[in-house]
Amino acid sequence: MANVKIITDSTADIPKNLAEELGISVIPLKVHVGGESYLDGVTLSAAEFYEKLRATEELPTTSQPSPLDFAEVYRGAIQEGATEILSIHLSSALSGTYQSAVLAKGMIEEEHPGVTITVFDSKTATYSIGMIVVAVARAAKQGKKMDELVAIAEYYRENQALAALVDTLEYLQKGGRIGKAAALVGSLLSIKPIISINDDGEVYAIDKARGKNKAVSRVFELLQEKVPAGSTVTAAVLHADRKEQAEEWMDKLKAIYDVQEANLIEIGPVIGTHAGPGTIGCLVVPLKA
């Protein structure tokens, strides 16, 4: 039987204990803040990052792993006995991370003719990737074959409902992840932008609302437009330094849905650089009967 290894990158924001439990390898991206460079989630935690962000006026930047970084991790997996690798990564529309993985795949498959590497474009970000990876890793542990694992990844990618509130679109606009026109609308007095990620893997302003309370209500309405109330789901609340609010949002989700698995996820340094502090969002995926 093939030995399948699941690999992702740090933008998946998977809690470390969960990644370790499921044997998921995580390749870190880099964050550059305050004149220093850090490995996302390795040498800089989310809490440390938001502290640094508050202390600096300079907008942090991020950079992807190189093909050589990927190749090193792929080789390590092969040395541990992997004959197949499923590598699931940040949307190719948001980063060159996916392309680095594809280049590394070519190198490693040439070095190791008996090994197959499948690189999967999640077309999403943060724990929207993580939820895909966790589901796939669990299935891999149950002995599912590669085509079954890819089908699970596709199901989670295509059936996710994601909606998030950002304090400002400034970070997304300056990082080139959203257009200037959308950022301008988001800067208007008391207008709260609601963002999501489209089928092409691009961040977009899905809606806007005047005032925080209306914006919060609209987030939950948007979720229910895609996944009806009462559905059995796996759910997560993603937050950038807003834990208390995230707990409140999870209670709301549990009142709307039959939540089988719930995760509170702190958005890590790389995604936090682009979304900005104060971002909070909900993610739900309906579970098959």
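For the sequence shown, my numbering assigns the number 17 to the initial residue and increments by one for each residue that follows.
Think of the CB as a built atom: it goes at the ideal place given N, C-alpha and C, for glycine as much as any other residue.
Review point. At which residues does the alpha helix (DSSP H) containing Tyr54 begin and terminate?
Key: Careful: Tyr54 lies outside any alpha helix (DSSP H), inside the beta strand (DSSP E) at 52 to 55.
Review point. When the Cα of His105 is compared with those of Thr140, Leu55, Gly294, Ile133, which residue comes out closest?
Key: Thr140
**Study point:** Reduced DSSP secondary structure (H/G/I, E/B, other) of Gln261
**Key:** helix
Review point. If you count every other CB in all the chains shown that lies within 10 Å of the CB of Asn279, and 16 or more means buried, which is it?
Key: A residue is called buried when at least 16 other Cβ atoms come within 10 angstroms of its Cβ; Asn279 meets this threshold and is buried.
**Study point:** Sequence-distant residues of the same chain with beta carbon closer than 7 Å to Glu36, five excluded per side
**Key:** none
Check your understanding: Tell me which same chain residues have a C-beta within less than 6 Å of the C-beta of Ile281, skipping the five on either side of it?
Key -> Asp29, Tyr143, Ala252, Leu254
Check your understanding: Going along the chain, which unbroken runs of the beta strand (DSSP E) with 3 or more residues stay wholly within the stretch 19 to 62?
Key -> 20 to 25, 41 to 43, 46 to 49, 52 to 55
Check your understanding: In this structure, does DSSP put Ile168 in helix, strand or coil?
Key -> helix
Exercise for review: Tell me whether Ser82 is buried or exposed, calling it buried when 16 or more other Cβ atoms sit within 10 Å of its Cβ.
Suggested key: Under this definition Ser82 is an exposed residue.
Practice item. Tell me where the beta strand (DSSP E) around Val182 begins and ends. Key: Premise fails: Val182 is in no beta strand (DSSP E) and is neither H nor E.
Practice item. Would you grab the beta carbon distance between Leu38 and Arg154 for me? Rounded to a whole angstrom, and I think it's under 8 Å. Key: Contact holds; Cβ gap of about 6 Å.
Check your understanding: What distance in whole Å lies between the Cβ atoms of Ser103 and Phe136, which are believed to be in contact at a cut-off of 8 Å?
Key -> By a beta-carbon distance limit of 8 Å, Phe136 contacts Ser103. Their separation comes to about 7 Å.
**Study point:** Proximity to Ser79 [Cα-Cα], best of Phe236, Glu67, Ile43, Arg70
**Key:** Ile43
Point to revise | Proximity of Asp215 and Leu238 at Cβ, strictly below 8 Å | key: No, the Cβ-Cβ distance between Asp215 and Leu238 is not below 8 Å.
Check your understanding: So, helix, strand or coil for His290, using DSSP?
Key -> helix
Practice item. Keeping to the same chain, check which residues put their C-beta closer than 7 Å to that of Lys121; ignore five residues upstream and five downstream. Key: Cβ contact annotation for Lys121 (same chain, cutoff 7 Å, sequence separation greater than five): Ile133, Val135, in chain order.
Practice item. Quick one: residues in its chain with C-beta nearer than 7 Å to the C-beta of Arg258, no 5 flanking neighbours on either side, listed in chain order? Key: The beta carbon of Arg258 lies closer than 7 Å to those of Gly294, Ile296 in the same chain, with the five residues before and after it left out.
Exercise for review: Apply the 10 Å Cβ neighbour rule to Val152 and answer buried if 16 or more other Cβ atoms are within range, or exposed otherwise.
Suggested key: buried
Exercise for review: Rounded to whole angstroms, what's the CA-CA distance from Lys21 to Tyr90? Just pull it up for me.
Suggested key: 9 Å
Point to revise | Boundaries (first-last residue) of the beta strand (DSSP E) holding Pro302 | key: 296 to 302
Practice item. Rounded to whole angstroms, what's the CA-CA distance from Ile101 to Asn229? Just pull it up for me. Key: Each residue's alpha carbon lies about 45 Å from the other.
**Study point:** Ser138 to Ser116 span [Cα, whole Å]
**Key:** 14 Å
Check your understanding: What is the rounded straight-line gap between the Cα of Val118 and the Cα of Ala87?
Key -> 10 Å
Review point. When the Cα atoms are used, what is the spatial distance from His128 to Glu52?
Key: 37 Å
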